[in-house]
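Once you know that position 192 of the sequence shown is 446 in the numbering used here, the rest is easy, because the numbers rise by one and skip nothing. First comes the structure, then the notes that go with it.
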Amino acid sequence: MADLSKYRNIGIFAHVDAGKTTTTERILKLTGKIHKMGEVHDGAATTDFMEQEQERGITIQSAATTCYWKDHRFNIIDTPGHVDFTIEVYRSLKVLDGGIGVFCGSGGVEPQSETNWRYATESEVARIIYVNKLDRIGADFYRVVNQVEDVLAAKPLVMTLPIGTESEFVGVVDVLTKKAWIWDDSGDPLNYEIKDVPADMVDKVNEYYEKLVETAVEQDDDAMEAYLEGNEPDMATLKRCIRKGTINLDFFPTFCGSSFKNKGVQLVLDGVVDYLPNPTEVKPQEEMDLEGNPTGGKAIVDPSAPLRMLAFKIMDDKYGA
């Protein structure tokens with residue numbers, strides 16, 4: 255029987271051109287699903303398989319794929335970012351337990367970002383945030399974090415900080431472990447080193463670590479009491495508290511990187527495992543009969559129960575499939 259605690263049903267949402275499909279492609283490469291990365295601008299991205307998508311370089315329909323990371327199964331839906339295809343995002347949210355909100359490091363919170371975020375909030379879908387394209391001219395991680403607070407009225411919980419920006423962006427600092435992940439210029443996502451925090455970032459990292467701990471322990475009375483007495487919470491306690499707050503939509507773990515340059519994506523994947531819910535941890539949907547009428551019951555996720563499904567998408571191609 256499937257161990258549902260190892261499942262993550264997630265969607266990836268963004269405004270058009272925030273790097274959502276490129277991020278999906280990097281995830282598939284890192285997890286071993288594909289062995290050669292395709293680029294959106296070449297019409298070679300795995301999830302943009304329609305002819306129109308390849309010609310235009312944008313995602314038109316929601317595309318589903320599966321991959322594995324650290325003994326967890328990710329069922330991923332790559333959603334469109336263009337306003338004309340918003341309905342695809344709305345439909346996808348009905349079958350998702352969690353999501354990754356991708357924001358452009360220079361564009362910040364854009365109109366479709368707001369729409370997708372509102373839909374996800376209405377659907378009570380837990381999310382982590384990924385600020386992408388920090389190698390771009392005009393990129394500013396801290397400005398985007400402030401926009402998330404001001405425009406989306408959401409509470410970002412900063413998990414990684416950028417080392418450098420624009421052409422000098424080389425990696426990220428993991429705030430939780432206080433370690434720096436630094437990549438070389440080869441473009442290989444596996445060519446990185448884990449080092450001590452750069453000297454000029456130590457104070458900033460300590461500042462964000464204190465914010466992280468104070469926010470996390472609010473989820474647990476015992477952890478809060480121990481912290482107020484001067485006892486630092488251990489890593490397991492912090493992750494448990496962050497997970498609880500994320501699932502409750504109290505805050506949103508926030509990561510940063512550059513998917514195109516293959517920097518920072520591994521920590522996003524770890525965030526999916528550590529903080530987003532499995533299928534048994536989300537509020538069950540209303541149960542419907544075959545005619546689409548409510549039965550009054552709840553569709554509880556139970557592998558031992560008879561099969562119940564919700565079809566969120568039906569496709570018909572030239573072969574009649």
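Quick reminder that beta carbons are idealized off the backbone N, C-alpha and C, glycines included.
Could you pull out every residue in the same chain whose Cβ sits closer than 8 Å to the Cβ of Q412, ignoring the five residues on either side in sequence?
Here residue 412 refers to the residue found at position 158 of the sequence shown. Reading off the sequence shown, one finds Val at residue 412, where the question assumed Gln. Excluding residues within five positions, the ones whose Cβ falls inside 8 Å are V399, V429, Y462, K465, L466, T508.
So, is G525 buried or exposed, given that buried needs 16 or more other C-beta atoms within 10 angstroms?
Within the sequence shown, the letter at position 271 stands for residue 525. Classification for G525: buried.
Look at I266 and D332 and say whether their C-beta atoms are less than 8 Å apart.
Taking the sequence shown and counting its residues from 1, one reaches residue 266 at position 12. Taking the sequence shown and counting its residues from 1, one reaches residue 332 at position 78. Yes, Cβ-Cβ distance for I266 and D332 is below 8 Å.
I need the boundaries of the beta strand (DSSP E) containing T431, first residue and last residue.
Residue mapping note: residue 431 aligns to position 177 of the sequence shown, counting from 1. Neither: T431 is in no beta strand (DSSP E) and is coded neither H nor E.
At which residues does the beta strand (DSSP E) containing L444 begin and terminate?
Translated into positions along the sequence shown, residue 444 becomes position 190. For L444, no beta strand (DSSP E) segment is defined, and its DSSP state is neither H nor E.
Excluding the 5 residues flanking Y481 on each side, which residues of the same chain have their C-beta closer than 8 Å to its C-beta?
If you number the sequence shown from 1, residue 481 lands on position 227. Around Y481: V467, E468, V471, P487.
Compute the distance between the beta-carbons of T419 and D394, then report whether it is under 8 Å.
Here residue 419 is taken as the residue at index 165 of the sequence shown, counted from 1. Here residue 394 is taken as the residue at index 140 of the sequence shown, counted from 1. Going by C-beta atoms, T419 is nearer than 8 Å to D394.
Can you list, in chain order, the residues of its chain whose CB lies under 8 Å from that of S259, leaving out five sequence neighbours each side?
Mapped onto the sequence shown, residue 259 falls at position 5. The residues are N532, T534.
Since N329 sits in a beta bridge, which residues does DSSP pair it with?
One-based indexing of the sequence shown puts residue 329 at position 75. The secondary-structure analysis by DSSP pairs N329 across a beta bridge with N263, T320.
Apply the 10 Å Cβ neighbour rule to S367 and answer buried if 16 or more other Cβ atoms are within range, or exposed otherwise.
Locating residue 367 in the sequence shown gives position 113, where the first residue counts as 1. The residue is buried, with at least 16 neighbouring Cβ atoms inside 10 Å.
Let me know if N516 comes out buried or exposed under the rule of 16 or more other beta-carbons within 10 Å of its beta-carbon.
In the sequence shown, residue 516 corresponds to position 262, counting from 1. Buried: at least 16 other Cβ atoms inside 10 Å.
Pick from E483, T276, V527, T491: whose alpha carbon is nearest that of Q473?
Within the sequence shown, residue 473 is the residue found at index 219, counting from 1. Ranking the options by Cα distance to Q473, first place goes to T491.
Using the DSSP secondary-structure output, state which residues sit across from Y384 in a beta bridge.
Working through the sequence shown from its first residue, we reach residue 384 at position 130. BP columns for Y384 point to V356, F509.
Bridge partners of V426, per DSSP?
As a position in the sequence shown, residue 426 is number 172, starting the count at 1. In the DSSP output, where bridge partners are listed per residue, V426 has P416, W435.
Considering Cα atoms alone, identify which of D257, D450, V456, N547 is closest to F328.
Here residue 328 refers to the residue found at position 74 of the sequence shown. The option with the nearest alpha carbon to F328 is D257.
Could you tell me the boundaries of the alpha helix (DSSP H) in which P365 lies?
Walking along the sequence shown from the start, residue 365 turns up at place 111. From DSSP, the alpha helix (DSSP H) with P365 extends over 365 to 376.
According to DSSP, simplified to helix, strand and coil, what is D474?
Position 220 of the sequence shown, counting from 1, holds the residue named residue 474. Coil.
Can you give me the C-alpha to C-alpha distance between P560 and L350, rounded to a whole angstrom?
Taking the sequence shown and counting its residues from 1, one reaches residue 560 at position 306. Taking the sequence shown and counting its residues from 1, one reaches residue 350 at position 96. Those two C-alpha atoms are separated by around 20 Å.
By Cβ distance, which residues of its chain are closer than 7 Å to V343, with the 5 residues on each side in sequence left out?
Here residue 343 refers to the residue found at position 89 of the sequence shown. F267, T333, P334, N370, Y373.
If you count every other CB in all the chains shown that lies within 10 Å of the CB of N263, and 16 or more means buried, which is it?
In the sequence shown, counting from the first residue as 1, residue 263 sits at position 9. Buried, since its Cβ has 16 or more Cβ neighbours within 10 Å.
Does the distance from the C-beta atom of F506 to that of R381 stay below 8 Å?
Taking the sequence shown and counting its residues from 1, the one referred to as residue 506 is at position 252. Taking the sequence shown and counting its residues from 1, the one referred to as residue 381 is at position 127. A contact, by the Cβ cut-off of 8 Å.
I'd like the list of long-range same chain contacts for V522, defined as Cβ closer than 6 Å, with 5 residues on each side in sequence excluded.
Position 268 of the sequence shown holds residue 522. Counting only residues of its own chain and dropping the five nearest sequence neighbours on each side, V522 has a CB closer than 6 Å to the CB of Y384, F509.
Given a threshold of 16 other Cβ atoms within 10 Å of its Cβ, counted over all protein chains shown, does R390 qualify as buried or as exposed?
Stepping through the sequence shown from its first residue, residue 390 is reached at position 136. Buried, because 16 or more other Cβ atoms sit within 10 Å of the Cβ of R390.
What does DSSP give as the partner residues of D450 in its beta bridges?
As a first step, residue 450 must be located in the sequence shown, where it is residue number 196. For D450, which the question treats as bridged, DSSP gives the partners K433.
Exposed or buried, what is N485 when buried is set at 16 or more other beta-carbons lying within 10 Å of its beta-carbon?
Position 231 of the sequence shown, counted from the start, is the residue given in the question as residue 485. So N485 ends up on the exposed side.
Out of curiosity, what's the CA-to-CA distance linking G353 and L530?
In the sequence shown, the residue the question calls residue 353 occupies position 99. In the sequence shown, the residue the question calls residue 530 occupies position 276. Here the C-alpha atom of G353 lies approximately 8 Å from the C-alpha atom of L530.
Can you tell me whether V363 is buried or exposed, with buried defined as 16 or more other CB within 10 angstroms of its CB?
Reading the sequence shown from its first residue, position 109 is the one you call residue 363. Buried, by the Cβ-count rule.
Tell me the DSSP secondary structure of E561 in three-state form.
By one-based count along the sequence shown, residue 561 stands at place 307. According to the sequence provided, residue 561 is Leu. The question's Glu does not apply to it. In the displayed model, L561 falls within coil according to three-state DSSP, outside both helix and strand.
Below 6 Å CB to CB, which residues in the same chain sit around K409 once its five sequence neighbours on both sides are set aside?
Along the sequence shown, read from residue 1 onward, the residue named residue 409 stands at position 155. Here the set comprises F505.
When the Cα atoms are used, what is the spatial distance from A434 to V459?
As a first step, residue 434 is located in the sequence shown; it is residue number 180 there, counting from the start. As a first step, residue 459 is located in the sequence shown; it is residue number 205 there, counting from the start. Rounded to the nearest angstrom, the two C-alpha atoms are 10 Å apart.
Among the candidates S558, D528, I568, whose CA atom is the shortest distance from the CA of K324?
Mapped onto the sequence shown, residue 324 falls at position 70. Nearest C-alpha to K324: D528.
Compute the Euclidean distance between the alpha carbons of N445 and T277, then round it to the nearest angstrom.
For the purposes of this step, residue 445 is taken as the residue at position 191 of the sequence shown. For the purposes of this step, residue 277 is taken as the residue at position 23 of the sequence shown. Going from the Cα of N445 to the Cα of T277 covers about 18 Å.
Would you say T285 and Y322 are within 8 Å of each other, going by their C-beta atoms?
Taking the first residue of the sequence shown as 1, we reach residue 285 at position 31. Taking the first residue of the sequence shown as 1, we reach residue 322 at position 68. The answer is yes: Cβ separation under 8 Å.
Let me know if E307 comes out buried or exposed under the rule of 16 or more other beta-carbons within 10 Å of its beta-carbon.
As a working note, residue 307 is residue 53 in the sequence shown. Confidence at E307 is low in this model, with a pLDDT of 46, below 50, so its placement is unreliable and the value that follows should be read with caution. That one is buried.
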